[in-house]
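Structure first, then comments.
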Amino acid sequence: MPHDIIVNRNEKLVEHINLNPTYTERVRLAFGYFFLSGFQNIAEELKGVKELRLLIGNKTNRETLAWLV
452 MPHDIIVNRN EKLVEHINLN PTYTERVRLA FGYFFLSGFQ NIAEELKGVK
502 ELRLLIGNKT NRETLAWLV
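Going by my numbering, the residue at position 14 of the sequence shown is 465; the numbering climbs one at a time, nothing skipped.
Printed below as a string of structure tokens:
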């Protein structure tokens with residue numbers, strides 16, 4: 452199973468997802484900083500995924516926290 456590690460200093464996650472529109476049934480993403488505004492940029496591309504797991508750090512804003520809870 453291939454694994455891709457994207458470090459936003461070198462490549463943007465949204466660009467990587469848009470280049471590879473066909474995913475397996477499961478996607479796992481880890482974020483040090485997670486904001487709803489950024490996730491909305493990739494949400495459309497992830498609609499066909501059956502299982503989505505997010506591992507997020509504790510850096511966010513109130514809007515994102517309210518959405519997660």
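Backbone N, C-alpha and C fix where the C-beta goes; we use that ideal spot for every residue, glycine too. Bear in mind that the values here come from a model prediction, so they are computed numbers and not experimental data.
Original post:
beta strand (DSSP E) containing residue 503: first to last residue?
Top reply: 502–510
Original post:
How would you write the range of the alpha helix (DSSP H) that residue 513 sits in, first residue to last?
Top reply: 513–519
**OP:** Can you say whether residue 468 is buried or exposed, counting buried as having 16 or more other CB atoms within 10 angstroms of its CB?
**Re:** buried
Original post:
For the candidate residues 485, 466 and 457, whose alpha-carbon lies nearest to that of residue 509?
Top reply: 485
Original post:
Is the distance from the Cβ of residue 505 to the Cβ of residue 482 below 8 angstroms?
Top reply: yes
**OP:** Would you mind stating whether residue 493 and residue 465 have Cβ atoms separated by less than 8 angstroms?
**Re:** yes
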